[in-house]
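Number of protein chains: 2
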Amino acid sequence: MFESFYEDIVVGETSEFGKREVTKEEIVDFASKFDPQPFHMDEELAKQSVFGNLCASGWHTASMTMRILVDDMKDRRFAGMGSPGLDKLEWKKPVFPGDILRVQSTPLEKRESASKPHLGLVKTETVVVNQNNEVVMRMVSNMMVLKRNPS
Amino acid sequence: MFESFYEDIVVGETSEFGKREVTKEEIVDFASKFDPQPFHMDEELAKQSVFGNLCASGWHTASMTMRILVDDMKDRRFAGMGSPGLDKLEWKKPVFPGDILRVQSTPLEKRESASKPHLGLVKTETVVVNQNNEVVMRMVSNMMVLKRNPS
Chain A
1 MFESFYEDIV VGETSEFGKR EVTKEEIVDF ASKFDPQPFH MDEELAKQSV FGNLCASGWH
61 TASMTMRILV DDMKDRRFAG MGSPGLDKLE WKKPVFPGDI LRVQSTPLEK RESASKPHLG
121 LVKTETVVVN QNNEVVMRMV SNMMVLKRNP S
Chain B
152 MFESFYEDIV VGETSEFGKR EVTKEEIVDF ASKFDPQPFH MDEELAKQSV FGNLCASGWH
212 TASMTMRILV DDMKDRRFAG MGSPGLDKLE WKKPVFPGDI LRVQSTPLEK RESASKPHLG
272 LVKTETVVVN QNNEVVMRMV SNMMVLKRNP S
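First to last, the sequence lines map onto chains A and B.
When we follow the working numbering, the leftmost residue of the first sequence carries the number 1, and every step to the right adds one.
When we follow the working numbering, the leftmost residue of the second sequence carries the number 152, and every step to the right adds one.
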C-alpha cells in the first residue's frame with residue numbers, strides 16, 4: 001500500500017506542490033469556530049485593523065497547509081506515521097480571501113529511531129507561499145516515517 | 152475597551168481556564184476538511200492504528216486550544232495584538248472523543264518592543280490537559296500586547 005518510505009527521503013531536496021484557494025466563507029467559518037477575533041470575522045472591522053483586510057486565522061492557514069501536505073502524502077503513498085510536533089512556526093504575512101497557497105517542502109535532517117527499528121525520524125522545513133510568491137508561513141516539523149527495510 | 156495590558160502580565164504566574172468537550176462529530180468534520188488521515192476519520196481503522204481509537208488531528212487540538220485562549224482574552228478584555236508564531240509545539244498524547252480540555256498558561260518572558268513604543272512582546276507556555284490531568288499538548292508562543300502607557 002505504501003510506496004514511498006524513510007529510505008526515499010533526500011535531505012536538502014525541495015519539492016513544491018499544492019494549489020489551494022482561500023475563500024472568505026472558509027475564513028469566517030473557521031474563525032467563528034476557533035479564533036473569533038474581529039479581523040478574522042468582520043470585513044469592516046478588519047479594514048481598521050493592522051492587517052487592513054479580512055484575513056485567515058494563523059491556525060486556519062496551518063490547517064490548510066496540513067491538507068496540502070496530506071494530499072501530497074496520499075499522492076505519493078508516503079509512509080508517514082504522524083508527528084510529535086514542531087520546532088518552529090512563523091506566521092510571516094496575512095492570508096487574504098482569494099489568495100492561492102502552495103507549499104515548498106525540504107527535508108533538513110533524517111535519522112533512524114534508536115528505540116523503534118521500523119521507524120525513521122525526519123525534520124522538514126515547510127514554507128507556504130501565496131500567488132505572489134510571498135512567504136506567508138514557515139514551519140519546521142518532525143515526522144515519524146516507516147522504513148522500507150526495518151533494521 | 153481593553154482592561155488588561157502588557158504591564159499587567161506577571162512572568163511565572165500560571166492561570167488555568169477553559170473546559171471544552173471534544174466530540175466525535177467535530178473530530179471527523181475537522182479531519183475531513185484539513186487532515187483526512189484514517190485515524191482521524193474512521194473508528195474501525197483508528198482501532199487498528201497506533202492510537203487505538205479515533206483521535207483528533209493535532210491541528211484540531213491546536214485550534215480548540217486557540218478558541219479557549221481567545222475566550223479567555225475576551226473575558227479579561229486583554230489587549231493581545233496577534234502572534235508572529237511559536238517557538239515549539241508538542242503533541243504529547245492523543246485527544247479522543249469525550250475528552251475535556253483545559254489550558255494552563257504561564258508567561259515565561261516579557262520585553263518592550265524596540266521598534267514599536269506602544270507594544271510589548273510576551274513569550275508564553277501553554278499546556279493543554281485532559282480530564283485525567285494528562286498533558287495532551289504543549290506550546291511556547293510569542294504574542295504582541297498593547298501597553299497601557301506607551302513609552
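Backbone N, C-alpha and C fix where the C-beta goes; we use that ideal spot for every residue, glycine too.
To the nearest angstrom, how far is it from the Cα of residue i to the Cα of residue j?
i        : j        : result
B:Asn284 : B:Glu172 : 14 Å
A:Lys123 : B:Gly236 : 18 Å
A:Glu214 : A:Asp71  : Nothing about residue 214 of chain A can be reported from this structure: the residues present for chain A run from 1 to 151 only.
B:Pro187 : A:Glu43  : 30 Å
B:Ala213 : B:Asp250 : 14 Å
B:Phe168 : B:Val279 : 10 Å
A:Glu125 : A:Val140 : 4 Å
B:Gln199 : A:Gly82  : 15 Å
A:Gly120 : B:Gln282 : 32 Å
B:Lys225 : B:Met215 : 16 Å
B:Val254 : A:Lys88  : 21 Å
A:Ala31  : B:Arg218 : 9 Å
B:Phe153 : B:Gly231 : 9 Å
B:Val286 : B:Val201 : 18 Å
A:Ser105 : B:Ala207 : 24 Å
B:Met192 : B:Phe247 : 12 Å
B:Phe185 : A:Asp29  : 13 Å
A:His60  : B:Gly203 : 27 Å
B:Ser266 : B:Val162 : 22 Å
B:Ser166 : A:Leu101 : 37 Å
Quick one: measure Cβ to Cβ for residue i and residue j, integer angstroms, because I've assumed they're closer than 8 Å.
i        : j        : result
A:Ser151 : A:Glu109 : About 18 Å; that fails the 8 Å criterion.
A:Met143 : A:Glu90  : Contact flag wrong, Cβ pair sits at about 18 Å.
B:Lys298 : B:Phe156 : 6 Å
A:Glu13  : A:Pro107 : 7 Å
B:Val296 : B:Ile178 : Wrong, their Cβ atoms sit about 32 Å apart, outside the cutoff.
B:Leu205 : B:Lys170 : Between B:Lys170 and B:Leu205 the Cβ distance is about 21 Å, and since that is not below 8 Å, they are no contact.
Buried or exposed for residue i, going by 16 or more other Cβ atoms inside 10 Å?
i        : result
A:Phe39  : buried
A:Pro94  : buried
A:Gly58  : buried
B:Arg220 : Rather than Arg, the amino acid found at residue 220 of chain B in this sequence is Leu. Buried, because 16 or more other Cβ atoms sit within 10 Å of the Cβ of B:Leu220.
A:Arg77  : exposed
B:Ala197 : buried
Could you give the first and the last residue of the continuous alpha helix (DSSP H) run that contains residue i?
i        : result
B:Leu205 : Where B:Leu205 is concerned, there is no enclosing alpha helix (DSSP H), given that its DSSP letter is neither H nor E.
A:Lys47  : Glu43 to Lys47
**Asked** At what residue ranges does the region 222 to 290 of chain B contain a whole run of the beta strand (DSSP E), taking only runs of 3 or more?
**Response** Within the region 222 to 290 of chain B, the complete beta strand (DSSP E) segments of 3 residues or longer fall at 236 to 242, 251 to 263 and 270 to 280, listed in chain order.
**Message:** Suppose only complete runs of 4+ residues qualify. What are the alpha helix (DSSP H) ranges in the region 10 to 40 of chain A, listed by chain order?
**Reply:** Note on the region 10 to 40 of chain A: whole alpha helix (DSSP H) runs with a minimum of 4 residues are 24 to 34, in chain order.
**Request:** Could you list the residues in the region 239 to 266 of chain B with a C-beta less than 9 Å from some C-beta on chain E, going in chain order?
**Result:** Among the protein chains of the structure shown, namely A and B, there is no chain E.
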